[in-house]
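K.L.:
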Ligand code: C2O
Ligand code: CU
Ligand code: CU
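In the working numbering, the protein residues as written are 2 to 572.
Take a look at the structure:
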């Protein structure tokens, strides 16, 4: 029935073409249009115009501790037996600094892993070698940076161009990550393989004696769909082949559209869901472990899929950190929710397991995160019969293969966080409202789509002020596709926040009950999952840098379709 609704509204496709003709060359459409451009003759060319222009050059006065060349380019990796898979990937090269500060993940599209100490100065020479039409920029998700270092879409550079980042790392110890952030193209570029990790350490963390080296394992969860030839499929079409920004093609309207294209449109609105779980860029991942304690730092790097993490053994998850930092004390949970963009830091004690045993990290079933047009909508709309959002699934196996002696102990006290008091917010009695809703076929924030260079007066905050923001995931009665909405992981650039309260509408409490015990809200975060009908209050201080920063839904298809706004920090 919802599909029928689409047929009755032939203009809906155009609704996705946000900004067409308004933002000039910068807005070049999204993956859903590659289907159309694949019939155009130019789309088979792999030529990259080598303009070699520098969009932002180095500052000779900046003396980096670490300098890295980072190039985004098409390449191939072996993923399954048989044909290699075309991907887009970051190739990195250390120019200066400790060799341990740069680690690549062999045979994976993911990476690199950049490791720095708090206080270090980093220069990254980012080169965009993606196919024509693929403007890009690197966003350092979780790092607190000046606006021109943050990778906002307004700084996106064209293929052939270079952008030099120079910054000092002021973050606490924690797992951050980086990924592309061009307007309208983030979903397909991240899906094609562009993402890496940025791990910060500090003396406070070092003093805790947490597992290090081979016992500190980053885990990046993603979902992907491969076709019969081992090629990545995104929204019904192949990735790794050049995608043209074929504006003419994009504006052809709906005539002659294949059912795949229709699926593309719909899962673009709902968010892409893939068939297979990938860990660190590989399907069927198994962690070979010893009888030891491990630190598993898990990032949800999926475009849209939300996980409800739990051990198959029924053992509680011991959480020691979230997005922005360690917690003040460890906390134990039956399960932990992890939405796109979020990170969770797990103390995983395998010391009592016997060699030869296995335990898996699973995602348990949950409901209510996708209430659009009825329960089956997600399944019908995700391309290629991917498991629905909220389906139970195995994520990866841990095989205990070696006996080793463990001496580490879980500390009672972790980090001394500079936690704020809600009553100290300048707007404690009237938090700044951030309303999430559906307008036509587009998800919007406070009723507005993304605008590249502006922030409204109500999106302007004062440097050094403490604020409360209240995110409200609204019902959308009467909206064509949506009565109850979807879960949205809301991410703020440029600041860490505390989550100080959550409430849900009674009529949507049932789904919420299946996820709420998995929210880990005790620490500092930069991304927060907000269920349909939920209100979440955030508390934060805008204390580091003034400027224009983005906040958006981290369901990348929502972000690409305009569920993003700017806020301005004013001196
Ligand atoms: Cu991880 Cu603005 O994104
Ligand atoms: Cu970010
Ligand atoms: Cu969203």
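Backbone N, C-alpha and C define an ideal beta-carbon position, used for all residues, glycine too.
Counting by C-beta, which residues lie closer than 6 angstroms to a heavy atom of ligand 1, in chain order?
P.N.:
Going along the chain, the residues that qualify are 140, 142, 180, 182, 342, 492, 494, 551, 553 and 555.
K.L.:
Any contact between the region 399-410 and the region 507-519? By contact I mean 3 or more CB pairs, one from each, below 8 angstroms.
P.N.:
At 8 angstroms Cβ cutoff, the stretches do not touch.
K.L.:
From the DSSP output, in three-state form, read off residue 517 for me.
P.N.:
In the structure shown, residue 517 sits in a helix (DSSP, three-state: H, G or I).
K.L.:
Give every residue of the same chain whose Cβ lies closer than 8 angstroms to the Cβ of residue 1, excluding the five residues on either side of it in the sequence, and list them in chain order.
P.N.:
The requested residue 1 is not part of the displayed model; the chain covers only 2 to 572.
K.L.:
On a Cα-Cα basis, can you pick out the residue from 564, 536, 436 and 386 that is closest to residue 228?
P.N.:
Ranking the options by Cα distance to residue 228, first place goes to 386.
K.L.:
Using a Cβ-Cβ cutoff of less than 7 angstroms, which residues in the same chain neighbour residue 344 once the five nearest sequence positions on both sides are dropped?
P.N.:
Same-chain partners within the cutoff: 176, 298, 299, 300, 323 and 324.
K.L.:
Are residue 58 and residue 165 close, meaning C-beta to C-beta below 8 angstroms?
P.N.:
Result yes, Cβ atoms of residue 58 and residue 165 sit closer than 8 angstroms.
K.L.:
Can you look up residue 487 in the DSSP assignment and give me helix, strand or coil?
P.N.:
Looking at residue 487 - three-state DSSP - the assignment turns out to be strand.
K.L.:
Report the option in 423, 555, 448 and 169 whose CA atom is closest to the CA atom of residue 147.
P.N.:
Among 423, 555, 448 and 169, the Cα nearest to that of residue 147 is on 169.
K.L.:
Can you tell me which of the three DSSP states residue 94 falls into?
P.N.:
Strand at residue 94.
K.L.:
Measure from the C-beta of residue 196 to each C-beta in chain D and report whether the shortest distance is under 8 angstroms.
P.N.:
No chain D is present in this structure, which holds just one protein chain.
K.L.:
Hey, quick one: how far does the alpha helix (DSSP H) through residue 192 stretch, first residue to last?
P.N.:
Where residue 192 is concerned, the enclosing alpha helix (DSSP H) stretches over 187-192.
K.L.:
For the region 488-498 and the region 535-543, state whether three or more C-beta atom pairs, one from each stretch, are separated by less than 8 angstroms.
P.N.:
Touching, per the Cβ criterion.
K.L.:
Taking residue 305 as the reference, give the member of 128, 566 and 554 with the closest Cα.
P.N.:
Considering only alpha carbons, the answer is 554.
K.L.:
From residue 330 to residue 416, what does the alpha carbon distance come to, in whole angstroms?
P.N.:
The alpha-carbon atoms of residue 330 and residue 416 are separated by roughly 7 angstroms.
K.L.:
Check residue 243 in the structure and name its three-state DSSP category.
P.N.:
Any reading at residue 243 must be qualified, since the residue scores a pLDDT of 41, below 50, and its modelled position is unreliable; the value itself is stated next. If DSSP states are grouped into helix, strand and coil, residue 243 belongs with coil.
K.L.:
For the putative contact between residue 475 and residue 502, defined by C-beta atoms under 8 angstroms, what is the C-beta separation to the nearest angstrom?
P.N.:
17 angstroms between Cβ atoms; not a contact.
K.L.:
Can residue 530 be considered in contact with ligand 3, in the sense that its beta carbon sits closer than 7 angstroms to one or more heavy atoms?
P.N.:
No, the Cβ of residue 530 stays beyond 7 angstroms of every heavy atom of ligand 3.
K.L.:
With burial defined as no fewer than 16 other Cβ atoms inside 10 Å of the residue's Cβ, what is the status of residue 123: buried or exposed?
P.N.:
By the neighbour-count rule (16 or more Cβ atoms within 10 Å), residue 123 is buried.
K.L.:
Roughly how many angstroms separate the alpha carbons of residue 418 and residue 539, rounded to a whole number?
P.N.:
If I take the Cα positions, the gap works out to 16 angstroms.
K.L.:
Along the chain, where does the beta strand (DSSP E) containing residue 1 start, and where does it finish?
P.N.:
The requested residue 1 does not occur in the structure, where the chain is confined to residues 2 to 572.
K.L.:
Would you list the one or two residues that DSSP bridges to residue 568?
P.N.:
Bridge partners of residue 568: 550.
K.L.:
Under 7 angstroms from any heavy atom of ligand 2, does the C-beta of residue 324 make it?
P.N.:
Because no heavy atom of ligand 2 lies under 7 angstroms away, the Cβ of residue 324 does not count as near it: no.
K.L.:
Specify the secondary structure class of residue 102 as computed by DSSP and reduced to three states.
P.N.:
DSSP places residue 102 in helix when its eight states are reduced to three.
K.L.:
How about the region 194-204 and the region 147-164: do they share at least three Cβ pairs that are nearer than 8 angstroms?
P.N.:
These segments do not touch.
K.L.:
Just the C-alpha distance for residue 216 and residue 286, rounded to the nearest angstrom, thanks.
P.N.:
Going by the C-alpha atoms only, they are around 17 angstroms apart.
K.L.:
Is residue 557 helix, strand or coil when you go by DSSP?
P.N.:
Three-state DSSP puts residue 557 in a helix.
K.L.:
For a test of the three-state rule: what should DSSP assign to residue 316, helix, strand or coil?
P.N.:
The answer is coil: DSSP assigns residue 316 none of H, G, I, E or B.
K.L.:
On the DSSP letters alone, give me the boundaries of the alpha helix (DSSP H) that residue 207 sits inside.
P.N.:
Unbroken alpha helix (DSSP H) run through residue 207: 204-207.
K.L.:
Examine the Cβ distances between the region 431-451 and the region 352-367 and report whether three or more of them are shorter than 8 angstroms.
P.N.:
Short answer: they don't touch.
K.L.:
Which of the three DSSP states is assigned to residue 137 in this structure?
P.N.:
Strand at residue 137.
K.L.:
For the region 333-344 against the region 274-284, do three or more pairs of beta-carbon atoms, one drawn from each stretch, fall closer than 8 angstroms, so that the two count as touching?
P.N.:
Not touching, per the Cβ criterion.
K.L.:
Looking at ligand 3, does it come within less than 7 angstroms of residue 442, judged from the CB to the closest heavy atom?
P.N.:
No, ligand 3 has no heavy atom inside 7 angstroms of this Cβ.
K.L.:
Taking 8 angstroms as the threshold (C-beta atoms), are residue 531 and residue 467 in contact?
P.N.:
No; because the gap between Cβ atoms is not below 8 angstroms, this pair is not in contact.
K.L.:
Under a three-way DSSP split, which group does residue 269 fall into?
P.N.:
Here residue 269 sits in helix by DSSP.
K.L.:
Touch check for the region 197-207 and the region 101-115: three-plus C-beta pairs under 8 angstroms?
P.N.:
Taking 8 angstroms as the limit for Cβ pairs, the verdict is that the region 101-115 does touch the region 197-207.
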